[in-house]
Amino acid sequence: MSKVHSLADRCMRLNSTVNIQIHEIHLDNTNALDIIKKYDVIMDCSDNLANTLPLVPMKRVR
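Every number in the numbering used here is 61 more than the matching position in the sequence shown, counting from 1.
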């Protein structure tokens, strides 16, 4: 099971009323804002810190 599906399962066990949307795509500067602006909580399951760091400022924008 992938990390993202494992995290979703764990969240559902904690709160079965939560609505979880999984996006198994590569986020970058061209698509991240359009995807993350729709959600209240973003959970990044990236393996590579170098891929995550450029997205941190976008994760704060709403």
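Note that the Cβ used here is the ideal one computed from N, Cα and C, for glycine as well.
Note the first and the last residue of the continuous alpha helix (DSSP H) segment covering residue i.
i	result
residue 65	64–75
residue 97	93–97
Considering only their Cβ atoms, is the gap separating residue j from residue i smaller than 8 Å?
i	j	result
residue 86	residue 69	no
On a Cα-Cα basis, can you pick out the residue from the options that is closest to residue i?
i	options	result
residue 110	88, 101, 78 and 94	88
residue 56	90, 108, 92 and 83	Since the first and last residues shown for the chain are 62 and 123, residue 56 lies out of range.
How close, in whole Å, do the beta carbons of residue i and residue j come, if the pair is a contact with beta carbons under 8 Å?
i	j	result
residue 79	residue 72	6 Å
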